[in-house]
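Residue numbers (the numbering used here): -7 to 72.
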């Protein structure tokens, strides 16, 4: 979209307003592309975060289960 002939043609046929419209279109297209990339990156990070949260939850549950089992075993040994 860097062709000077194209810009000259737009300027002669549609005037300055046409050239501004093309510029706004190009900028809007680039912004939309950047927003899509950001959304994709956020979705990817969110999925990784959710997977890490689930893994951490499972580790915590395993640790709590081990501590409860150890304490229960100590209680049963002390009762004997």
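Glycine residues also receive a C-beta, built at the ideal position from the N, C-alpha and C atoms. Just so you know, these numbers come straight off a predicted model, no measurement behind them.
Query, Result
"Any alpha helix (DSSP H) of 4 or more consecutive residues that is wholly inside the segment 32 to 71", "none"
"Which of helix, strand or coil DSSP assigns to residue -5", "coil"
"Length of the line joining the Cα atoms of residue 27 and residue 51", "36 Å"
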